[in-house]
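When you line the sequence shown up against UniProt numbering, it's residues 1 to 229, in that order. Notes for the one structure printed next.
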Amino acid sequence: MSDAMLEMTGIVRRFEQGGAVLEVLRGADLTVRAGELVALVGPSGAGKSTLLQIAGLLERPTAGVVRVAGADVSDADDATRTAIRRRSIGFVYQFHHLLPEFTAQENIVLPQMIAGVAKRVARQRADDLLRMVGLDARGSHRPARLSGGEQQRVAIARALANAPSLLVADEPTGNLDPHTAEAVFAMLSAIVRQARVGALVATHNMELARRMDRILEMRDGLLVEHAPV
Ligand code: ADP
Ligand code: MG
């Protein structure tokens with residue numbers, strides 16, 4: 001599939017815990033295509049975050065194949081994986097993790113500079129992204145001066161700073177009130193579709209999950225696709 005931004009096949013992840021082995025993922029498969037939002041649901045402890053860490057190349061699976069934007073990264077060394085992660089993957093978490101001493105704009109400039117983008121270009125891109133998330137008037141504010149919803153919008157803009165192929169989001173609206181969660185989700189989904197990013201979004205919010213393109217449920221270490229409505 002040429003427009004697959006993420007393909008995971010037969011993903012197994014085991015943890016050793018005091019002599020016992022916990023098999024959290026038992027052969028999970030999934031594909032996320034360009035411009036597609038895929039919801040990842042399931043109870044706490046089911047393995048959603050573990051799967052996202054593997055999808056985002058932050059962890060390696062015990063077994064299985066991961067392809068990001070067509071490239072098989074399973075046997076790649078750490079330096080190669082880090083380079084692919086910085087270039088091709090954006091992350092959003094439940095808590096924004098913005099750097100408190102930097103402005104909103106600077107928080108979006110930084111990951112670009114790490115990727116080697118010139119400062120002037122990075123600032124222009126940050127301003128474009130701030131406009132895209134409706135925060136063009138907030139670029140000079142530090143995170144503490146922003147509301148929770150605004151902080152998450154900046155975090156989304158930062159995740160998109162290097163024009164990733166894949167967006168990995170772990171409960172991105174989990175810390176927001178329902179009204180703000182709705183607004184942030186609407187913005188996220190519009191950007192994902194417009195920018196043709198593939199997005200894998202873990203959420204407890206079934207109302208939001210039902211508005212994504214597909215729902216995958218983590219069940220006994222496997223992914224089960226919900227029938228389309
Ligand atoms: P979810 O995000 O669906 O709530 P997680 O992926 O965080 O689930 O966790 C799945 C299971 O894996 C839990 O039982 C958790 O305790 C276990 N787990 C996650 N990370 C580790 C780790 N680094 N070492 C040992 N166990 C872990
Ligand atoms: Mg989790």
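Glycine is no exception: its CB is placed at the ideal position from the N, C-alpha and C atoms.
Reducing DSSP to helix, strand and coil, say where residue i ends up.
i	result
Val-117	coil
Gly-132	A quick correction: the sequence has Met, not Gly, at residue 132. In the structure shown, Met-132 sits in a helix (DSSP, three-state: H, G or I).
Met-206	helix
Thr-9	strand
Phe-185	helix
Glu-150	helix
Ala-55	helix
Met-1	Note that Met-1 scores 49 on pLDDT, short of 50, meaning its location in the model is unreliable; the coordinates nonetheless yield the value given after this. In the structure shown, Met-1 sits in coil (DSSP, three-state: anything other than H, G, I, E or B).
Thr-103	coil
Arg-14	strand
Asp-213	coil
Asp-78	helix
Glu-225	strand
Thr-62	coil
To the nearest whole angstrom, what separates the beta carbons of residue i and residue j, a pair I think is in contact under 8 Å?
i	j	result
Arg-14	Val-21	5 Å
Val-73	Ala-155	So it is not a contact: roughly 24 Å between Cβ atoms.
Gln-94	Gly-174	4 Å
Asp-170	Leu-58	With 8 Å as the limit, Asp-170 and Leu-58 do not qualify as a contact, their Cβ atoms being about 11 Å apart.
Starting from the C-beta of residue i, find all residues in its chain whose C-beta is less than 6 Å away, skip the five residues before and the five after it, and write them out in chain order.
i	result
Met-1	Any reading at Met-1 must be qualified, since the residue scores a pLDDT of 49, below 50, and its modelled position is unreliable; no value is offered.
Met-8	Leu-30 and Val-66
Ala-199	Leu-37, Leu-167 and Val-192
Met-5	Val-32, Ala-34, Ala-69, Ser-165, Leu-166 and Gly-198
Glu-16	none
Val-224	Glu-217
Identify, in the order they occur along the chain, each residue of the same chain with its Cβ nearer than 7 Å to the Cβ of residue i, setting aside the five sequence neighbours on each side.
i	result
Gln-112	Ala-122, Arg-125, Ala-161 and Asn-162
Leu-176	Gly-148, Gly-149, Gln-152 and Val-184
Ala-159	Gly-90, Phe-91, Val-92 and Leu-167
Gly-10	Gly-27, Asp-29, Ala-63, Gly-64 and Val-65
Ala-209	Ala-39, Val-41, Thr-203 and Ile-215
Gly-56	Arg-85, Ile-89, Phe-91 and Val-168
Answer yes or no: the CB of residue i versus the heavy atoms of ligand 1, is any distance below 6 Å?
i	result
Ala-46	yes
Val-24	yes
Ser-140	no
Phe-91	no
Phe-102	no
Phe-15	yes
Got a sec: does ligand 2 put a non-hydrogen atom nearer than 6 Å to the Cβ of residue i?
i	result
Ser-49	yes
Give every residue of the same chain whose Cβ lies closer than 8 Å to the Cβ of residue i, excluding the five residues on either side of it in the sequence, and list them in chain order.
i	result
Met-206	Val-41
Leu-130	Ala-104, Gln-105, Ile-108, Asp-136, Arg-138, Gly-139, Val-154 and Ala-157
>> Counting beta carbon pairs with one atom in the region 17-33 and one in the region 181-190, are three or more of them shorter than 8 Å?
In response: Between the region 181-190 and the region 17-33, the count of C-beta pairs closer than 8 Å stays below three; the two stretches do not touch.
>> With a threshold of 8 Å, are at least 3 pairs of Cβ atoms found where one atom belongs to the region 60-70 and the other to the region 103-122?
In response: As far as the Cβ criterion goes, the region 60-70 does not touch the region 103-122, which means the pair count is below three.
> Touch check for the region 37-50 and the region 214-224: three-plus C-beta pairs under 8 Å?
Replying inline: Output reads yes: the region 214-224 touches the region 37-50.
>> Counting beta carbon pairs with one atom in the region 79-93 and one in the region 133-149, are three or more of them shorter than 8 Å?
In response: With the cut-off at 8 Å, the region 133-149 and the region 79-93 do not touch.
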